[in-house]
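Student: For the sequence shown, position 298 matches number 371 in this note's numbering, and the numbering has no gaps at all.
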Amino acid sequence: MGLKTRVLEILENNRGRSISGNSIANSLGITRSAVWKAVVDLRREGYIIDAVTNRGYCLTGESGLMNERSIQGFLTTEHLGRKLDVFKTIDSTNNFAKSLAQLGGEHGHTIIAEQQTVGRGRADKSFYSPANQGIYMSVIVRPRIPVACSPRITACTAVAVADAIKDTAGIECGIKWVNDIFVHGKKLCGILTEAAVGVETGELDYAVIGIGINANNAEFPDEIRDTATSLFFESRRIINRAELTASVLNHLESRLKELESGSFMNEYRERSILIGKRARILSGDRVTEYDCTGIDDNGFLVVRDMDGNEEHLSTGTILT
Ligand code: BTN
């Protein structure tokens, strides 16, 4: 266990109480300045540690939790996450964000929850959302783009999330068309984009981008144990969820500017774990075996069936 982690462990055991640098140093057999250096590093990772003269260090009660202060401290965006609501528990952040968007919720307004009771995924699947472990966030966006470009939003988000995970946790991820982030053959993150078109304008009114990341999960229920992974499993360290959340928003804001040009699509293709593979794909109520040959500029999967006919699939579920 590294020095920083051992210092954190002592601070955790005294959460909310001050403990002197001297006594941390003595119990670890290190100098006071080494304790100080560990505290500086921990603060950089987002832990809120107060230092009070003659009393020592105190890990504040909110440290490691998701709140406005801890997330916004890492934000570099103009709009995304500047308006932020963090709930302890909610049915689904996408449900809440959609209701807000229908009432005129502004571009960038972000909803985060520590737990979802009815976390939703694509195709009526649920998204496992236990308390204080994952990241469950929904962002209202109102990009001024032709409706024809809106299917790109999910692909654009997948690239932003992969970039953020690389920056924050140092892990390279693959993208499993259309909306899943994978590491070592297991699902790490899912994205659910729900959009509405203005009846009168015929233009995209809003999209709610829902992102669920398995961050610090140390276990999964039986049904998904073999198919899901977390950043904790992959890196063996606790991830600062506030920092990762902000990083997703930072990357997403800049990637959304590429929606019309589609310039993020090359990165999406580079990260694709399907191109060059054969897969059984459920599309509508039909299961077909295809060779996956590419992803077009709209984010549609280019496939060839066993008779050699080419199709561009806008949506579908990969069965194998
Ligand atoms: C999928 O796996 O198909 C997509 C999962 C998306 C989960 C996120 S968590 C935050 C937001 N709220 C939801 O109910 N779903 C999305």
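All residues carry an ideal CB built from backbone N, CA and C; glycine is no exception.
#1: Quick check: what's the CA-CA separation for Leu173 versus Val234?
#2: Using only CA atoms, which one of Gly192, Pro294, Gly357 lies nearest to Ile264?
#3: Under 7 angstroms Cβ to Cβ from Asp57, same chain only, skipping five residues before and after it: list those, please.
#4: Just mark Gly207 as buried or exposed, buried being the case when its beta carbon has 16 or more other beta carbons within 10 Å.
#5: With DSSP collapsed to three states, give me the class of Gly367.
#6: Express the C-alpha separation of Ile348 and Tyr341 in angstroms, rounding to a whole number.
#7: Do Leu277 and Ala288 have their CB atoms nearer than 9 angstroms?
#8: Out of Ala319, Thr149, Ile83, which has the shortest C-alpha to C-alpha gap to Glu184?
#9: Could you tell me whether the stretch 351-362 touches the stretch 207-223, using the rule of 3 or more Cβ pairs below 8 angstroms?
#10: Give every residue of the same chain whose Cβ lies closer than 6 angstroms to the Cβ of Ile83, excluding the five residues on either side of it in the sequence, and list them in chain order.
#11: Measuring alpha carbon to alpha carbon, tell me which residue in Cys131, Ala315, Asp299, Ser211 is nearest Ala268.
#12: Note down, in chain order, each residue of its chain lying with its Cβ closer than 7 angstroms to the Cβ of Arg90, except the 5 sequence neighbours on either side.
#13: When burial is assigned at 16 or more other CB atoms within 10 Å of the CB, is Gly271 buried or exposed?
#14: Closer than 6 angstroms between the C-beta and any heavy atom of the ligand BTN: which residues qualify, listed along the chain?
#15: Counting pairs of beta carbons, one from the stretch 152-166 and one from the stretch 246-264, are three or more of them closer than 8 angstroms?
#16: Could you tell me which residues DSSP pairs with Gln189 in its beta bridges?
#17: Taking the alpha carbon of Thr274 as the reference point, which residue from Ile218, His257, Leu329, Phe293 has its own alpha carbon closest?
#18: Could you name the residues that DSSP lists as bridge partners for Arg377?
#19: Do Val232 and Thr302 have their C-beta atoms within less than 9 angstroms of each other?
#20: What's the call for Gly129, buried or exposed, on a 16-neighbour Cβ count within 10 Å?
#21: Once DSSP output is grouped into helix, strand and coil, what is the label at Ser223?
#22: Just mark Met19 as buried or exposed, buried being the case when its beta carbon has 16 or more other beta carbons within 10 Å.
#23: Under DSSP, the alpha helix (DSSP H) around Tyr279 begins and ends at which residues?
#24: Within a Cβ cutoff of 7 angstroms, which residues of the same chain sit near Asp240, ignoring the five residues on either side of it in sequence?
#25: From Ser327 to Lys171, what distance separates their C-alpha atoms?
#26: Report all residues from its chain with a CB closer than 8 angstroms to the CB of Lys77; omit the five preceding and five following residues, and keep chain order.
#27: Taking the continuous alpha helix (DSSP H) assigned at Tyr341, which residues delimit it?
#28: Give the straight-line distance between the Cα atoms of Arg56 and Ala291, rounded to the nearest whole angstrom.
#29: Considering just the uninterrupted stretch of the alpha helix (DSSP H) at Phe306, what are its terminal residues?
#30: Could you spell out the range, first to last residue, of the alpha helix (DSSP H) harbouring Thr78?
#31: So is Asp164 in contact with chain B if we call contact Cβ pairs under 9 angstroms?
#32: Using the Cβ count rule (16 or more neighbours within 10 Å means buried), how would you classify Glu85?
#33: Using DSSP with H/G/I as helix, E/B as strand and the rest coil, what is Gly94?
Tutor: With the given structure in hand:
#1: 23 angstroms
#2: Gly192
#3: Not covered by the structure: residue 57. The range shown for the chain is 74 to 393.
#4: buried
#5: strand
#6: 11 angstroms
#7: no
#8: Note that residue 184 corresponds to Ile in the displayed sequence, not to Glu. Ranking Ala319, Thr149, Ile83 by Cα distance to Ile184 puts Ala319 first.
#9: no
#10: Ile97
#11: Ser211
#12: Cys131
#13: exposed
#14: Ser165, Thr166, Asn167, Gln189, Gly192, Arg193, Gly194, Arg195, Lys198, Phe200, Tyr209, Met210, Ser211, Asn252, Gly263, Ile264, Leu265, Gly283, Ile284, Gly285
#15: no
#16: Ile163
#17: Ile218
#18: Asp364, Glu383
#19: no
#20: buried
#21: coil
#22: In this structure the chain extends from 74 to 393, so residue 19 is not present and cannot be described.
#23: Not the alpha helix (DSSP H): Tyr279 falls in the beta strand (DSSP E), residues 277-286.
#24: Ser320
#25: 22 angstroms
#26: Ala111, Asp114, Leu115
#27: 338-344
#28: For the chain, the structure presents residues 74 to 393; residue 56 sits outside this window and is missing.
#29: 304-308
#30: 76-86
#31: The displayed structure is made up of one protein chain only, and chain B is not part of it.
#32: exposed
#33: helix
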